[in-house]
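Asks: Position one of the sequence shown corresponds to residue 17 (this note's numbering), numbered consecutively onward.
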Amino acid sequence: METVVADRAGSRPSRSRTRRGLIETAWVLLVILIAGLLFFARYEDPRRVASGDSFWYMRQALIFTGTDPEVARIEAGRQVCRDLNRSFRARGETPTCRNYVTAGFSPRYAAIFHSRPGYPLFAAPFVATLGLWTGMMAATLILALLAAVLAYLAVWLASGLRPAGVLAATVLFVLPTGFAMTRMLTESGVFAGYLAVVLGATLVVRGRRAGLLLVVAALAWLFAVRSASGMAMALTLLAAGALTALGRRQRWPGVLLGATGLLAALAWQLLSRVLHLPGLNDTIQDFATRHFQARPDVADPIGWLIERNLGFWPDQLGLELAVPGTLAAFLFAVVVLVRRMRAVAALWIFTGLTGVLMLLAHPVDTEYNRLMAPIWLPVACAFGYAAALAIGRRRELPAAPQPAGSPPAGPEGAGSEPAGPERAGPESTGSEPVGGPPALIPRQRGSEPGPRQTTADRVAVTAGQ
Numbered sequence: 017m018e019t020v021v022a023d024r025a026g027s028r029p030s031r032s033r034t035r036r037g038l039i040e041t042a043w044v045l046l047v048i049l050i051a052g053l054l055f056f057a058r059y060e061d062p063r064r065v066a067s068g069d070s071f072w073y074m075r076q077a078l079i080f081t082g083t084d085p086e087v088a089r090i091e092a093g094r095q096v097c098r099d100l101n102r103s104f105r106a107r108g109e110t111p112t113c114r115n116y117v118t119a120g121f122s123p124r125y126a127a128i129f130h131s132r133p134g135y136p137l138f139a140a141p142f143v144a145t146l147g148l149w150t151g152m153m154a155a156t157l158i159l160a161l162l163a164a165v166l167a168y169l170a171v172w173l174a175s176g177l178r179p180a181g182v183l184a185a186t187v188l189f190v191l192p193t194g195f196a197m198t199r200m201l202t203e204s205g206v207f208a209g210y211l212a213v214v215l216g217a218t219l220v221v222r223g224r225r226a227g228l229l230l231v232v233a234a235l236a237w238l239f240a241v242r243s244a245s246g247m248a249m250a251l252t253l254l255a256a257g258a259l260t261a262l263g264r265r266q267r268w269p270g271v272l273l274g275a276t277g278l279l280a281a282l283a284w285q286l287l288s289r290v291l292h293l294p295g296l297n298d299t300i301q302d303f304a305t306r307h308f309q310a311r312p313d314v315a316d317p318i319g320w321l322i323e324r325n326l327g328f329w330p331d332q333l334g335l336e337l338a339v340p341g342t343l344a345a346f347l348f349a350v351v352v353l354v355r356r357m358r359a360v361a362a363l364w365i366f367t368g369l370t371g372v373l374m375l376l377a378h379p380v381d382t383e384y385n386r387l388m389a390p391i392w393l394p395v396a397c398a399f400g401y402a403a404a405l406a407i408g409r410r411r412e413l414p415a416a417p418q419p420a421g422s423p424p425a426g427p428e429g430a431g432s433e434p435a436g437p438e439r440a441g442p443e444s445t446g447s448e449p450v451g452g453p454p455a456l457i458p459r460q461r462g463s464e465p466g467p468r469q470t471t472a473d474r475v476a477v478t479a480g481q
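#1: Beta-carbon separation of A402 and L177 under 8 Å?
#2: Count Cβ pairs between the segment 380–392 and the segment 164–175 that sit closer than 8 Å; are there 3 or more?
#3: For G227 and T252, which I take to be in contact (beta-carbon distance under 8 Å), what is that distance rounded to the nearest angstrom?
#4: Does DSSP put N101 in a helix, a strand or coil?
#5: I need the straight-line Cα distance from L211 to A184, nearest angstrom please.
#6: When you compare each of G257, A51 and W237 to P136 by their alpha carbons, which one comes out closest?
#7: Relative to the C-alpha of F189, which candidate in L376, L53 and I407 has its C-alpha closest?
#8: Based on Cα-Cα distance, which residue from T156, R356 and A256 lies nearest to C397?
#9: Who are the Cβ neighbours of G120 in its own chain at under 8 Å, not counting the five residues just before and after it?
#10: Would you tell me roughly how many angstroms separate the C-alpha atoms of P317 and D381, rounded to the nearest one?
#11: For A280, which residues from the same chain have a beta carbon less than 7 Å from its beta carbon, with the 5 sequence-adjacent residues on both sides left out?
#12: Considering only C-alpha positions, which residue in the set W392, I39, A304 and Q76 is nearest to A126?
#13: Using beta-carbon positions only, say whether A139 and G147 come within less than 8 Å of one another.
#14: For P85 and I39, I'd like the C-alpha separation in whole angstroms.
#15: Short of 6 Å in beta carbon distance, which residues of its chain neighbour L337, apart from the five on each side in sequence? Order them along the chain.
#16: Closest to P179 by C-alpha separation, out of V44, T370, F346 and I322, would be which residue?
#17: Is it the case that the Cβ atoms of F71 and G93 are separated by a distance below 8 Å?
#18: Within 10 angstroms of its Cβ, does F399 collect 16 or more other Cβ (buried), or is it exposed?
#19: Got a sec, what are the start and stop residues for the alpha helix (DSSP H) T357 sits in?
#20: Rounding to the nearest angstrom, what Cα-Cα distance links R311 and T305 in this structure?
#21: Given this structure, state the Cα-to-Cα distance separating T34 from I48, to the nearest angstrom.
#22: DSSP three-state call for A362: helix, strand or coil?
#23: Compute the Euclidean distance between the alpha carbons of M153 and L159, then round it to the nearest angstrom.
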């Protein structure tokens, strides 16, 4: 009999873990379902899916499957031309693309894309199985869904509210990030990498050093997908880690994150020199010479870039101030993050500002919306959290008024104690069930019933008795 009782008692934790696992799986599947539907809705946008950069990613993916480079060039150009004509027809214009010209590009320009093997290498198995266009879009879809799941986990971990994570993942596809993630570009992979770094760093801040492994893996992915984004995220870790170390009693999480960002930046610089990979100088020359074709190299690339920025930003900031929607949304996110998720606020805010770093290296108005898309990541986090709070408060409807002279109803009647917060269940308070991650947001202390009794008071009472 004792053995049977012990077995039953031992099976309870196992059943509880299984139940929590099923609940978490259900939440993740919900996020994937919502993100998938929104992905296909944003994909139907009449604007181009494949750009000039997409040609190089498609060509690389075909080469990774064993296709001859010349055959890969022709097929990738055909797909870009087909999508360009589709975009023309969707806007009511006459298709004009007959042959997408891809010959004659400088090897220096091609080397920039050869240094970004992550996205086409990830897409290669899908291309080999489903064909070029369908395979590339299948890979893009999976990376976008991964970004949604990572957004859900990161926001849930920071706020302690599962609905906040679900809503943040939903808003991620409603905002301009959703459009960027449905194009045949590196954005879906970059956002997945950004959010993986944020998730891993949040785990480190919570005292789980295993999150550092996720941070390192995500940084390696970012450098492989687009090295400029990897460098921007490494600098983000360095800056956010420094602020975390200065503002927390336990400084080791900030020191660890800052050191990781610094080492990642230095390691990439060393690797780039050893492998002779394109760097900032090549990026500037590509921009200055129009892909190394129209003009000769500039003598002072850094000075040329500074001059371009001085001419670019005043006009661009004037446009932003004229229609300050983006600025207002970002400032709202900053306020919410600083007030409610202070432990990871700098991490989210600096991640959003990586787009500014990208534009400083490539100040051109035609790429402004795409390169500035990361600014919407902290906005999605803040809006998801705010929406979850608003929904939770609407559920707490006031009690119906009682007729005059009727006895009080509910547990606060005669002979019963008032129902305090400790008596409320998870459904009524909006808190997470047992097993959910504790929130990183500051919690307000409940009011105490009376003045605390000091040691002197207790001694006095004992003596009086």
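For each residue, glycine too, the CB sits at the ideal point set by N, CA and C.
Replies: Here's the rundown:
#1: For this step, residue 402 is matched to residue 386 along the sequence shown. For this step, residue 177 is matched to residue 161 along the sequence shown. No, they are not a contact pair.
#2: no
#3: Counting from 1 along the sequence shown, the entry for residue 227 is found at position 211. Counting from 1 along the sequence shown, the entry for residue 252 is found at position 236. With 8 Å as the limit, G227 and T252 do not qualify as a contact, their Cβ atoms being about 15 Å apart.
#4: Numbered from 1 along the sequence shown, position 85 holds the residue referred to as residue 101. Reduced to three states, the DSSP call for N101 is helix.
#5: What you label residue 211 is simply residue 195 of the sequence shown in a count that begins at 1. What you label residue 184 is simply residue 168 of the sequence shown in a count that begins at 1. Going from the Cα of L211 to the Cα of A184 covers about 12 Å.
#6: Within the sequence shown, the letter at position 120 stands for residue 136. Nearest C-alpha to P136: W237.
#7: On the sequence shown, position 173 is the one that residue 189 refers to. Checked all of L376, L53 and I407; the closest Cα to F189 is L53.
#8: Taking the sequence shown and counting its residues from 1, one reaches residue 397 at position 381. Minimum Cα distance to C397 is reached at R356.
#9: In the sequence shown, residue 120 corresponds to position 104, counting from 1. Q309.
#10: Counting from 1 along the sequence shown, the entry for residue 317 is found at position 301. Counting from 1 along the sequence shown, the entry for residue 381 is found at position 365. Each residue's Cα considered, the two are about 19 Å apart.
#11: Counting from one through the sequence shown, the residue named residue 280 turns up at place 264. L235 and A250, listed in sequence order.
#12: Within the sequence shown, the letter at position 110 stands for residue 126. Ranking the options by Cα distance to A126, first place goes to Q76.
#13: Within the sequence shown, residue 139 is the residue found at index 123, counting from 1. Within the sequence shown, residue 147 is the residue found at index 131, counting from 1. Result no, Cβ atoms of A139 and G147 do not sit closer than 8 Å.
#14: Position 69 of the sequence shown holds residue 85. Position 23 of the sequence shown holds residue 39. Distance between the alpha carbons of P85 and I39: 48 Å.
#15: Along the sequence shown, one-based indexing puts residue 337 at 321. Answer for L337: no residue qualifies.
#16: Position 163 of the sequence shown, counting from 1, holds the residue named residue 179. Taking the Cα of P179 as reference, the smallest distance to any Cα among V44, T370, F346 and I322 is reached at V44.
#17: In the sequence shown, counting from the first residue as 1, residue 71 sits at position 55. In the sequence shown, counting from the first residue as 1, residue 93 sits at position 77. Closer than 8 Å, so yes.
#18: If you number the sequence shown from 1, residue 399 lands on position 383. Label assigned to F399: buried.
#19: As a working mapping, residue 357 is identified with position 341 in the sequence shown. Position check: residue 357 holds Met in this sequence, whereas Thr was assumed. M357 -> no alpha helix (DSSP H), and no H or E assigned at all.
#20: Position 295 of the sequence shown holds residue 311. Position 289 of the sequence shown holds residue 305. The straight-line gap from Cα to Cα measures roughly 5 Å.
#21: Your numbering for residue 34 matches position 18 in the sequence shown. Your numbering for residue 48 matches position 32 in the sequence shown. If you take the alpha carbons of T34 and I48, they lie about 21 Å apart.
#22: The residue labelled residue 362 in the question sits at position 346 within the sequence shown. Here A362 sits in helix by DSSP.
#23: In the sequence shown, residue 153 corresponds to position 137, counting from 1. In the sequence shown, residue 159 corresponds to position 143, counting from 1. Going from the Cα of M153 to the Cα of L159 covers about 10 Å.
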